[in-house]
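*Asks:* So that we are looking at the same thing, I have put the structure below in structure tokens.
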Amino acid sequence: MPSLINCRNLEKSYGPRTLFDGLDLNIGEGDRIGIIGPNGAGKTTLLNILAGDDEADSGTVHRRKGLRIAAVPQDPHFDPAESVSAVVIRAAEAHAVPVETSVEREVRARIVMERMGFSDVNLSIGTLSGGWRKRVAIAVALASAPELLLLDEPTNHLDLEGMLHLERLLTSERLAFVLISHDRVFLDRTVTRILEVAPQYPGGVFAAEGTYSGFLHKREAFLTARAQYREGLANRVRRELEWLGRGPKARTTKAQARIDAAEELQEELRGLDRTTAVEVQGIELTGSGRKTKRLLAATDLSKSLGGKELFSGLEILLRPGQRLGVVGANGSGKSTLLRVFAGEIDPDDGTLRRAEGLRTVYFDQNREQLDPRMPLRRALAELSDTVIYRGSPVHIVTWAKRFLFSADQLDLPLEELSGGEKARVHIARLMLRPADLLILDEPTNDLDIPTLEVLEESLLDFPGALVLVTHDRLLMDRVATLLLGLGGQGGATFFADVAQWEETVALSRLKTGRNKTSAPREKKKKQGLSYLEKREYEEIETKIAAAERDLEASAARLEDPAVVSDAHKAHEAFEAHNEAQLRLDQLFDRWAELEEKRSNQG
């Protein structure tokens, strides 16, 4: 594949800490690369170097002449008063492909907005949820017609439908992309090369071709081989130290060479130990040891917000050892249900019975419990410089190190910590509180993969009951013993696993012919057609006729026995039919919108 960006021997440090040294990376046309690694290892820094927004301390970055690069930041910011169409069309205009006309650029922008699921492109961005704002950021990037797309945590704030939509988009596009993600399922489905940035590797980077699952096997083989090498090196150093301990005289060239070699072996061992990863300490959540069999019972539970019914007639019984996962689109009521369980708000109807003296620990996804001005010291230990963990005192410095904080950070206000560091603070606080019932609302936000894996094991070992909301599908699948799906319109259904939930969401989209999680519509002011919209109106009936033919062809393929009997072909045919139906519905919606404007002109 022709090269888009070629990086040679990159080195980058912050103060005394080296992020990577001697990094080589070539990105070719069509490459799909995932970057992973612990928080603070340099993932975003590397992405910024690729984008040209940061520079390496040394090494070279060669970009193909005229290369079009678009980046999707982790936390995109827009003017809340602007409409979706305004920012996306402006991006298309600002990064125009030379051969395009202005009409073609606007059409390209509208196609991108359709593909991102926007049913109303005139919505102001300030009315959108975090997930839909992330979709706007991706649409802005795609509207610039990039040859290379850079995405920093693109699944953050996306609900399941949004993540599935992004997966389909990335795997169907021909452009190359590099993304940072901690979502292991998303990585497995989208990328074909993994780059892990972490201090335990030579140069700070380990790369492997293939999926994330394949990468894990290759990494394990590398780390096993390195551990065996270190063991052999340590034995050699021990023998040489014993020889040096006998006080040999460097009277001959041979003796001096052995002394020098012994010192080099010691330095190699120290260097190997310095680059060994700092392992995340075990997260051991504290159960109360309560023997009560019924901890929480919900009967005929209902709740509405702002006139919208979120759930109705809900029946749930939680016992020790049960782990309930709650899934649903953004705005479907997941956080509201958790707040009802936690006793922060009341249901509208029904009863919620808690065991007498029930100890509930609630993790709020917005992390509103902590004052951002509070020093880290007081967040970890509220009253003194000692915490009591499982009945034993632990000094604040020791406790902080367990969560990878240094003594120098203890007086920093929480607002100066990274998202991952704040998440670790909350986990530290959770570990100090005995609980019968854990209620966790998006506890995995900002956590790196090593911490996610440790949290997963802790939740599996927790003896009490658990209610969990998380966008991490792998953690949800492994931890939840029961899955509750909220439809956002009062309906609630139990599922066996995440795969069954995904299938139900996809089937629902197919049956309705449109994305039920599409952004809400605003009432539009009456206005006539613009010049560009007149051109679009003249062409749209031809597009509708073509879309109807595509839909008929895709439906016929679904009835082909050769396709239905092949799981892979059936899945592809199902996706194609789904996309064809969605495309037709969006064209009809757009036609109706243009027709209304046309009638307003008289």
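Heads up: the sequence shown begins at 4 in my numbering, then just goes up one per residue.
A virtual CB, placed ideally from N, CA and C, is assigned to each residue, including glycine.
None of the values given here were measured: they were computed from a predicted structure.
1. What separation, rounded to the nearest whole angstrom, lies between the Cα atoms of VAL208 and LEU320?
2. Leaving out the 5 sequence neighbours to the left and right, which residues in its chain are closer than 6 Å to SER315 when beta-carbon positions are compared?
3. Can you list, in chain order, the residues of its chain with a C-beta nearer than 7 Å to that of ALA59? Leave out the 5 residues immediately preceding and following it.
4. Which of the three DSSP states is assigned to ILE319 in this structure?
5. Is it true that the CB of ASP444 sits closer than 8 Å to the CB of LEU361?
6. What residues match up with ALA495 in a beta bridge as DSSP calls it?
7. Go ahead and pull the three-state DSSP assignment for GLU176.
8. Using 8 Å as the threshold, is the C-beta distance between LEU450 and ARG326 below it?
9. Find out if the Cβ-Cβ distance for the pair ASP212, THR195 is shorter than 8 Å.
10. First and last residue of the beta strand (DSSP E) that includes GLU199?
11. Please report how far the alpha carbon of PHE189 lies from the alpha carbon of ARG242, in whole angstroms.
12. Buried or exposed: ILE8, going by 16 or more other Cβ atoms within 10 Å of its Cβ?
13. Kindly confirm or deny that the region 490-505 and the region 463-470 touch, where touching means at least three C-beta pairs closer than 8 Å.
14. To the nearest angstrom, report how far apart GLU456 and VAL482 are at their CA atoms.
15. Write down the C-beta distance between LEU486 and GLY331 rounded to the nearest angstrom, noting that I regard them as a contact closer than 8 Å.
16. DSSP puts HIS398 in a beta bridge; with which residues?
17. Taking the alpha-carbon of LEU198 as reference, which of LEU28, ALA300, GLU117, VAL501 has the nearest alpha-carbon?
18. For ASN518, name the three-state secondary structure that DSSP assigns.
19. In whole angstroms, what separates the C-alpha of PRO437 from that of ASP374?
20. Is it buried or exposed for ASN238, if we count other Cβ within 10 angstroms and need 16 for buried?
21. For SER61, collect the residues of the same chain with a Cβ closer than 8 Å to its Cβ; drop the 5 residues on either side in sequence, then sort them by chain order.
22. Counting only the same chain and skipping the five closest in sequence on each side, list residues whose C-beta sits under 8 Å from that of VAL124.
23. Spatial neighbours of ASP388 within its chain, please: C-beta separation below 6 Å, excluding the five flanking residues on both sides.
24. For a test of the three-state rule: what should DSSP assign to PHE121, helix, strand or coil?
25. What separation, rounded to the nearest whole angstrom, lies between the Cα atoms of ASP162 and GLY134?
26. In or out: GLN584 buried (at least 16 other Cβ within 10 Å) or exposed?
27. Compute the beta-carbon to beta-carbon distance between SER184 and PRO202, rounded to the nearest angstrom, for a pair I have assumed lies under 8 Å.
28. Helix, strand or coil for PRO378? Go by DSSP, reduced to three states.
29. With 16 as the cutoff for other CB atoms within 10 Å, does GLY129 come out buried or exposed?
30. Indicate the three-state DSSP secondary structure (helix, strand or coil) for GLY346 in the structure shown.
31. Looking at C-alpha atoms only, which residue of SER6, GLY334, THR104 is the closest neighbour of LYS68?
32. For PRO76, does the count of other Cβ atoms within 10 angstroms reach 16, so buried, or fall short, so exposed?
33. Please name the residue in ASP588, ILE30, ALA565, GLU578 whose C-alpha comes closest to that of ILE547.
34. For LEU172, I'd like the list of residues in its chain whose CB is within less than 7 Å of its CB, leaving aside the five on either flank, ordered along the chain.
35. Taking C-beta to C-beta, are SER122 and ASN333 nearer than 8 Å?
36. Given this structure, state the Cα-to-Cα distance separating GLU359 from GLY353, to the nearest angstrom.
*Replies:* So, from the data block:
1. For the purposes of this step, residue 208 is taken as residue 205 along the sequence shown, with counting starting at 1. For the purposes of this step, residue 320 is taken as residue 317 along the sequence shown, with counting starting at 1. When rounded, the distance between both Cα atoms is 47 Å.
2. Residue mapping note: residue 315 aligns to position 312 of the sequence shown, counting from 1. So the list reads SER305, GLY493, once near-sequence residues are dropped.
3. Looking up residue 59 in the sequence shown gives position 56. These residues qualify, in order along the chain: LEU13, GLU14, LYS15, ILE52.
4. The count along the sequence shown starts at 1 and reaches residue 319 at position 316. Strand, per DSSP.
5. Here the question's residue 361 lines up with position 358 in the sequence shown. Here the question's residue 444 lines up with position 441 in the sequence shown. Taking a C-beta distance under 8 Å as the contact criterion, LEU361 and ASP444 do not qualify as a contact pair.
6. As a working mapping, residue 495 is identified with position 492 in the sequence shown. According to DSSP, which records beta bridges pairwise, ALA495 is partnered with LEU489.
7. Taking the first residue of the sequence shown as 1, we reach residue 176 at position 173. In the structure shown, GLU176 sits in coil (DSSP, three-state: anything other than H, G, I, E or B).
8. Residue 450 sits at position 447 when you count from the first residue of the sequence shown. Residue 326 sits at position 323 when you count from the first residue of the sequence shown. Contact: no.
9. Taking the sequence shown and counting its residues from 1, one reaches residue 212 at position 209. Taking the sequence shown and counting its residues from 1, one reaches residue 195 at position 192. Reading off the sequence shown, one finds Glu at residue 212, where the question assumed Asp. Yes, they are a contact pair.
10. As a position in the sequence shown, residue 199 is number 196, starting the count at 1. That run of the beta strand (DSSP E) goes 196-200.
11. By 1-based counting over the sequence shown, the position of residue 189 is 186. By 1-based counting over the sequence shown, the position of residue 242 is 239. Going by the C-alpha atoms only, they are around 48 Å apart.
12. Taking the first residue of the sequence shown as position 1, residue 8 is located at position 5. Buried: at least 16 other Cβ atoms inside 10 Å.
13. no
14. Working through the sequence shown from its first residue, we reach residue 456 at position 453. Working through the sequence shown from its first residue, we reach residue 482 at position 479. The C-alpha of VAL482 is placed about 11 Å away from the C-alpha of GLU456.
15. The count along the sequence shown starts at 1 and reaches residue 486 at position 483. The count along the sequence shown starts at 1 and reaches residue 331 at position 328. Not quite, the Cβ-Cβ distance comes to about 10 Å (not below 8 Å), so this is no contact.
16. Position 395 of the sequence shown, counted from the start, is the residue given in the question as residue 398. For HIS398, which the question treats as bridged, DSSP gives the partners THR389.
17. For this step, residue 198 is matched to residue 195 along the sequence shown. Considering only alpha carbons, the answer is LEU28.
18. Residue mapping note: residue 518 aligns to position 515 of the sequence shown, counting from 1. For ASN518, the pLDDT reaches just 46, beneath the cut-off of 50, and the residue's location in the model is therefore unreliable, although a value from the coordinates is still provided. Of the three classes helix, strand and coil, the one that applies to ASN518 here is coil, per DSSP.
19. Indexing the sequence shown from 1 puts residue 437 at position 434. Indexing the sequence shown from 1 puts residue 374 at position 371. Approximately 23 Å, taken between the alpha carbons.
20. Position 235 of the sequence shown, counted from the start, is the residue given in the question as residue 238. Looking at its Cβ environment, which holds fewer than 16 other Cβ atoms inside 10 Å, ASN238 is exposed.
21. By 1-based counting over the sequence shown, the position of residue 61 is 58. Closer than 8 Å at Cβ, skipping near neighbours: ASN12, LEU13, GLU14.
22. Indexing the sequence shown from 1 puts residue 124 at position 121. Answer for VAL124: SER86, VAL87, SER88, VAL91, ARG113, MET116, listed in chain order.
23. Counting from 1 along the sequence shown, the entry for residue 388 is found at position 385. Close CB contacts of ASP388 within its chain, under the 6 Å cut and outside five residues either way in sequence, are with ILE399 (chain order).
24. On the sequence shown, position 118 is the one that residue 121 refers to. Three-state result, PHE121: coil.
25. Position 159 of the sequence shown holds residue 162. Position 131 of the sequence shown holds residue 134. Straight-line Cα distance between these residues: approximately 7 Å.
26. For the purposes of this step, residue 584 is taken as the residue at position 581 of the sequence shown. Buried, since its Cβ has 16 or more Cβ neighbours within 10 Å.
27. In the sequence shown, counting from the first residue as 1, residue 184 sits at position 181. In the sequence shown, counting from the first residue as 1, residue 202 sits at position 199. SER184 to PRO202, Cβ: 20 Å. No contact.
28. Counting from one through the sequence shown, the residue named residue 378 turns up at place 375. Strand at PRO378.
29. Numbered from its first residue, the sequence shown carries residue 129 at position 126. Classification of GLY129: exposed, given that the 10 Å Cβ count is below 16.
30. Translated into positions along the sequence shown, residue 346 becomes position 343. In the structure shown, GLY346 sits in coil (DSSP, three-state: anything other than H, G, I, E or B).
31. Sequence index remark: in the sequence shown, residue 68 carries index 65 (1-based). Ranking SER6, GLY334, THR104 by Cα distance to LYS68 puts SER6 first.
32. Indexing the sequence shown from 1 puts residue 76 at position 73. When all chains shown are included, PRO76 counts as buried.
33. Here residue 547 corresponds to residue number 544 of the sequence shown, with the count starting at 1. Answer by Cα proximity: ASP588.
34. Taking the sequence shown and counting its residues from 1, one reaches residue 172 at position 169. Here the set comprises ARG118.
35. Taking the first residue of the sequence shown as 1, we reach residue 122 at position 119. Taking the first residue of the sequence shown as 1, we reach residue 333 at position 330. The answer is no: Cβ separation not under 8 Å.
36. The residue labelled residue 359 in the question sits at position 356 within the sequence shown. The residue labelled residue 353 in the question sits at position 350 within the sequence shown. Rounded to whole angstroms, GLU359 to GLY353 spans 19 Å at the Cα level.
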